[in-house]
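A.B. asks:
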Amino acid sequence: MNTKVVLAALAASVAAFLLGWGIFGIALHSYSEAAMNKFEGFMKAEENWSWLSLIAANVAYGCMMAFIMWRMGITSAKAALLPGFIIGLLLTANFDLMMHAMSNLFYERMFIVVDAIAGGVLAALTAAVAGLVLGSGSKAS
């Protein structure tokens, strides 16, 4: 592993944070609220969020994407889009289907499809950032 992988992980972490906020926190927020059951105390108020945990989660996600793109030999944003989308789609579908199987969290089953596609888009764009960084600069490093 080299410096490029670390830089790709950092860039992908920032991208994941910002894209996650845009996709899930803004674009799909109302839809998510309508599609999920409400349980007292389940969601924290935004002022009570653990920002350290939120940042750590995005760093872990960015590191995962950078590592996978590096191991696949991807060195461009374009080459990272499809594998990133597939990874995100499958990871999100896995989580949502497990939650649907074992809980009453989702009121609307179509939410699983929408959320999985959104997870795929988030992962595709995050992977694209990692691929862009991995392909930048001199090829010797």
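Letter by letter, the sequence shown follows residues 20 to 160 in the working numbering. Each residue gets a CB set at the ideal place from its N, CA and C atoms; glycine is no exception. If you're wondering where the values come from, they're calculated on a predicted model, not measured in any experiment.
1. Buried or exposed: S32, going by 16 or more other Cβ atoms within 10 Å of its Cβ?
2. Sort out for me which residues DSSP pairs M55 with in a bridge.
3. Since G107 contacts L141 with CB under 8 Å, what's their CB separation in whole angstroms?
4. Express the C-alpha separation of K57 and S122 in angstroms, rounding to a whole number.
5. How big is the Cα-Cα spacing for M88 and A98?
6. Alpha carbon to alpha carbon, how far is G154 from M62?
7. For the segment 133 to 147 against the segment 25 to 44, do three or more pairs of beta-carbon atoms, one drawn from each stretch, fall closer than 8 Å, so that the two count as touching?
8. Near M118, what residues of its chain come up, given a Cβ to Cβ distance below 8 Å and the 5 sequence neighbours on each side ignored?
9. Enumerate in chain order the residues of its own chain whose CB-to-CB distance from G150 is below 7 Å, with the five nearest sequence positions on each side excluded.
C.D. replies: Considering the structure as presented:
1. Start at 1 with the first residue of the sequence shown, and residue 32 comes out as number 13. With 16 or more Cβ atoms within 10 Å of its Cβ, S32 is classed as buried.
2. For this step, residue 55 is matched to residue 36 along the sequence shown. Its beta-bridge partners are F125.
3. As a first step, residue 107 must be located in the sequence shown, where it is residue number 88. As a first step, residue 141 must be located in the sequence shown, where it is residue number 122. The distance from the Cβ of G107 to that of L141 is about 6 Å, consistent with a contact at the 8 Å cut-off.
4. On the sequence shown, residue 122 is found 103 positions in, with the first residue counted as 1. On the sequence shown, residue 57 is found 38 positions in, with the first residue counted as 1. Each residue's Cα considered, the two are about 12 Å apart.
5. Here residue 88 corresponds to residue number 69 of the sequence shown, with the count starting at 1. Here residue 98 corresponds to residue number 79 of the sequence shown, with the count starting at 1. Annotation: M88 to A98 spans about 9 Å, alpha carbon to alpha carbon.
6. Counting from one through the sequence shown, the residue named residue 154 turns up at place 135. Counting from one through the sequence shown, the residue named residue 62 turns up at place 43. Cα-Cα distance, rounded: 39 Å.
7. The segment 133 to 147 makes contact with the segment 25 to 44, as at least three CB pairs between them are under 8 Å.
8. Counted from its first residue, the sequence shown places residue 118 at position 99. Within the same chain, L124 and F125 come within 8 Å of M118 by CB-CB distance, once the 5 residues on both sides are set aside.
9. Looking up residue 150 in the sequence shown gives position 131. If the five residues before and after G150 are omitted, its C-beta is found closer than 7 Å to the C-beta atoms of M88, I93, T94, S95, A96, A98 and A99, all from its own chain and listed in chain order.
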